[in-house]
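Using this note's numbering, the letters of the sequence shown correspond one by one to residues 1 to 397. Glycine included, every Cβ here is placed at the ideal spot set by N, Cα and C. Source: prediction; values computed, not measured.
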Amino acid sequence: LLLSGIGKAFEHFLPPTLFRVIRLARIGRILRLIRAAKGIRTLLFALMMSLPALFNIGLLLFLVMFIYAIFGMANFAYVKMEDGIDDMFNFQTFANSMLCLFEITTSAGWDGLLSPILNTGPPYCDPNITGRVGECGKPAVGIVYFVSYIIISFLIVVNMYIAVILENFNAATEESTEPLGEDDFDIFYEIWEKFDPEATQFITFSALSDFADALAEPLRVPKPNKIELIAMDLPMVSGDRIHCLDILFAFTKRVLGDSGEMDALKVQMEEKFMAVNPSKKSYEPISTTLRHRQEEVSATVIQRAYRSHLLQRSIKHASYLYHHRTYSGDTLGDAAPEREGLIASMMGENYGRNLDESQTSSSASFPPSYDSVTRASSGNLIVENEFTGDQKSLDIK
């Protein structure tokens, strides 16, 4: 994202081909999703963490080179051009002096630059050239100059680069051995964006199973995972929605357990989330995943019990209607088990009988959540369950 922003800002000043090369660096984001690239991710993370310190060391090195370049121009500007000193590598200008010092910093060819400075007279140099101070060097000053600069730049400053990178690499390696790291949380948020494209910070309970299975290890909860997700007892708001942080806390606790670091990590994650999402919506949980499941099971048990009770009442009333039709008149007596209500009305419609001489059968229809009773045929009562479609033949003679 940073490289894309830089590209858009400078696309009018630099050639497009250069930006295509810069954008190739975005391929590094893919490494976060590849488990086999864990070592490369650790190295890149160490380099990224080292950049601020490396920048400060670079400024220090530039300051040292600046001071020594000015000193070199003042003392070695007219040294005879031989060995390592030529038209490009010399101390006549500031730019050429900086170039010489950069060569010395790499410890390559510095002896060729020092050799002409050690010349003190004929036949190696002429101290009385017309129009010049002379082309001979200053051996004592040159030795102190080169030795001090090599110690400061090559042996101290350059090795500071290595020390900073190694320190951050060790820290990154230790962090990579922990169960959870920054990369794991970043991948969590990247996958969250796919399930919450409008950034509401909530997903529905029905989408939780797919989301948990789509995560990368170690936060992933592979399918079948509904029982495990329900057992996490996640807070739910209206609309059976679950907040992002609640899911992240629960999945993190699943990986780390009830360790002492969990509370501190929870506070750290919440602070980071609030910094990135300052407009977090307030919400009040009205249920949990465990309670939601308990309510579903309770409702199923109640429905099953009521249907069983309703079926028994229907069978009892149908049996009475059959006997009454066979051995009695059109009018039901006071002994009818269901003289009024939904069952009595439905029985009257099915058997074409009135509850009594003054009553008329109700026109109420049997709702689909109840069991229905069909007409009797051939001395048997056929009871049909509208949910399963099964039929039972009851001999009621």
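Where residue i falls, given that 16 or more other Cβ within 10 Å makes a residue buried
| i | result |
| --- | --- |
| residue 88 | exposed |
| residue 55 | exposed |
| residue 409 | The structure shown does not extend to residue 409, since the chain spans only 1 to 397, so no value can be given for it. |
| residue 41 | buried |
| residue 297 | exposed |
| residue 305 | exposed |
| residue 308 | exposed |
| residue 234 | buried |
| residue 323 | exposed |
| residue 299 | exposed |
| residue 200 | exposed |
| residue 166 | exposed |
Where residue i sits in the DSSP three-state scheme
| i | result |
| --- | --- |
| residue 85 | coil |
| residue 144 | helix |
| residue 52 | helix |
| residue 232 | coil |
| residue 221 | coil |
| residue 79 | coil |
| residue 270 | helix |
| residue 169 | helix |
| residue 91 | coil |
| residue 288 | strand |
| residue 200 | coil |
Cβ neighbours of residue i in the same chain (closer than 8 Å, five flanking residues each side left out)
| i | result |
| --- | --- |
| residue 269 | 185, 245, 248, 249 and 252 |
| residue 138 | 75, 76 and 117 |
Own chain, CB closer than 6 Å to residue i, minus 5 neighbours either side, in chain order
| i | result |
| --- | --- |
| residue 97 | 69, 72, 73 and 91 |
| residue 44 | none |
| residue 209 | 225 and 226 |
| residue 223 | 213 |
| residue 271 | none |
| residue 216 | 187 |
beta-carbon residue i near the ligand ZN non-hydrogen atom, thresh 7 Å
| i | result |
| --- | --- |
| residue 50 | With respect to small molecules bound, the structure shown includes none, and the ligand ZN cannot be examined in it. |
Test item: CB-CB of residue i and residue j under 8 Å
| i | j | result |
| --- | --- | --- |
| residue 188 | residue 219 | yes |
| residue 411 | residue 50 | Any property of residue 411 remains undetermined from this structure, which presents the chain solely from 1 to 397. |
| residue 183 | residue 205 | no |
| residue 149 | residue 104 | yes |
| residue 158 | residue 60 | no |
| residue 114 | residue 146 | yes |
| residue 154 | residue 107 | yes |
| residue 191 | residue 214 | yes |
| residue 135 | residue 79 | yes |
| residue 229 | residue 207 | no |
| residue 180 | residue 255 | yes |
| residue 398 | residue 84 | The structure shown has nothing for residue 398, since the chain only spans 1 to 397. |
Contact set for residue i: own chain, Cβ-Cβ below 7 Å, skip 5 residues either direction
| i | result |
| --- | --- |
| residue 231 | 290 |
* **At least 3 beta-carbon pairs within less than 8 Å: the stretch 136-155 vs the stretch 110-119** => As far as the Cβ criterion goes, the stretch 136-155 touches the stretch 110-119, which means the pair count is three or higher.
* Asked: Does the stretch 46-54 come close enough to the stretch 165-174 to have 3 or more Cβ pairs within less than 8 Å?
  -> yes
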